[in-house]
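Asks: If you're matching positions, the sequence shown starts at 3 in the working numbering and goes up one per residue.
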Amino acid sequence: MQKKIPMRMCVGCGENKPKKELIRIVKSSENEISLDITGKKSGRGAYICKNQECFYKASKNHRLEKSFSCKISPEIYEVLQNALSEASRHS
3 MQKKIPMRMC VGCGENKPKK ELIRIVKSSE NEISLDITGK KSGRGAYICK NQECFYKASK
63 NHRLEKSFSC KISPEIYEVL QNALSEASRH S
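1) Is it right to say Lys62 is buried, meaning 16 or more other beta carbons lie within 10 angstroms of its own, or is it exposed?
2) Mind reading off the beta-carbon distance from Ile39 to Ile25? Whole number of angstroms is fine, and I expect it under 8 Å.
3) What three-state label does DSSP hand Cys72 in the structure shown?
4) With distances taken from CA atoms, which of His64, Ser71 and Gln54 is nearest Asn84?
5) Since Ile27 and Gly47 should fall inside the 8 Å C-beta cutoff, what is the C-beta to C-beta distance between them, to a whole number of angstroms?
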(Lines of atoms letter the chains of each structure in order from A and count residues from 1; the text may use other names and numbers.)
(Lines give C-alpha, C1' and ligand atoms only; values in the text may rest on other atoms or scores of the structure.)
Protein backbone atom coordinates (compact mmCIF):
# COMPACT_ATOMS: atom_id res chain seq x y z
CA MET A 1 0.00 0.00 0.00
CA GLN A 2 1.32 3.42 -0.97
CA LYS A 3 1.87 5.99 1.78
CA LYS A 4 -0.43 9.03 1.62
CA ILE A 5 1.44 12.27 0.86
CA PRO A 6 0.23 15.19 3.02
CA MET A 7 -0.86 18.13 0.86
CA ARG A 8 -0.96 21.78 1.94
CA MET A 9 -2.11 24.96 0.23
CA CYS A 10 0.33 27.78 -0.48
CA VAL A 11 -0.97 31.10 0.88
CA GLY A 12 0.69 32.87 -2.06
CA CYS A 13 -0.51 31.05 -5.18
CA GLY A 14 -3.30 28.98 -3.63
CA GLU A 15 -2.05 25.70 -5.15
CA ASN A 16 -2.14 22.42 -3.23
CA LYS A 17 1.33 20.90 -3.13
CA PRO A 18 3.10 18.17 -1.15
CA LYS A 19 3.96 19.44 2.33
CA LYS A 20 7.69 18.75 1.82
CA GLU A 21 7.83 21.18 -1.14
CA LEU A 22 6.54 24.08 0.98
CA ILE A 23 7.97 26.16 3.81
CA ARG A 24 5.92 26.52 6.98
CA ILE A 25 5.42 29.86 8.67
CA VAL A 26 4.27 29.45 12.25
CA LYS A 27 2.58 31.65 14.85
CA SER A 28 3.46 30.49 18.37
CA SER A 29 1.24 30.75 21.43
CA GLU A 30 3.21 33.92 22.32
CA ASN A 31 2.06 35.43 18.96
CA GLU A 32 5.61 35.23 17.61
CA ILE A 33 5.77 34.62 13.85
CA SER A 34 8.75 32.77 12.39
CA LEU A 35 9.86 30.49 9.59
CA ASP A 36 9.70 26.78 10.44
CA ILE A 37 12.10 24.97 8.13
CA THR A 38 11.74 21.64 9.98
CA GLY A 39 7.92 21.76 10.08
CA LYS A 40 7.99 20.63 13.72
CA LYS A 41 7.47 23.84 15.72
CA SER A 42 4.24 24.02 17.69
CA GLY A 43 1.69 26.64 16.79
CA ARG A 44 -0.63 27.70 13.99
CA GLY A 45 0.98 27.11 10.61
CA ALA A 46 0.63 28.52 7.12
CA TYR A 47 2.51 27.21 4.11
CA ILE A 48 4.22 29.00 1.26
CA CYS A 49 6.12 27.91 -1.87
CA LYS A 50 9.89 28.31 -1.86
CA ASN A 51 9.84 31.23 -4.28
CA GLN A 52 9.76 35.00 -3.87
CA GLU A 53 6.74 35.44 -6.18
CA CYS A 54 4.45 33.52 -3.82
CA PHE A 55 5.80 35.42 -0.82
CA TYR A 56 5.18 38.71 -2.62
CA LYS A 57 1.56 37.71 -3.39
CA ALA A 58 0.97 36.57 0.20
CA SER A 59 2.35 39.79 1.70
CA LYS A 60 0.68 42.10 -0.83
CA ASN A 61 -2.75 40.58 -0.22
CA HIS A 62 -2.23 40.19 3.57
CA ARG A 63 -2.87 36.44 3.33
CA LEU A 64 -0.62 35.61 6.28
CA GLU A 65 -2.53 38.11 8.40
CA LYS A 66 -5.78 36.40 7.39
CA SER A 67 -4.34 32.95 8.17
CA PHE A 68 -3.10 33.99 11.60
CA SER A 69 -5.93 36.46 12.40
CA CYS A 70 -3.48 39.13 13.55
CA LYS A 71 -1.56 42.16 12.28
CA ILE A 72 1.95 41.45 11.00
CA SER A 73 4.49 44.26 11.03
CA PRO A 74 6.59 45.09 7.93
CA GLU A 75 9.72 44.15 9.90
CA ILE A 76 8.45 40.59 10.32
CA TYR A 77 7.70 40.37 6.59
CA GLU A 78 11.26 41.53 5.91
CA VAL A 79 12.75 38.91 8.26
CA LEU A 80 10.57 36.20 6.70
CA GLN A 81 11.56 37.26 3.19
CA ASN A 82 15.27 37.14 4.06
CA ALA A 83 14.90 33.73 5.69
CA LEU A 84 12.87 32.47 2.72
CA SER A 85 15.47 33.60 0.20
CA GLU A 86 18.18 31.96 2.35
CA ALA A 87 16.18 28.71 2.58
CA SER A 88 15.47 28.62 -1.15
CA ARG A 89 19.18 29.07 -1.89
CA HIS A 90 20.01 25.97 0.17
CA SER A 91 17.41 23.67 -1.34
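Yeah, the Cβ is synthetic: ideal placement off N, Cα and C, and Gly gets one too.
Replies: Let me spell this out:
1) exposed
2) 7 Å
3) coil
4) Gln54
5) 7 Å
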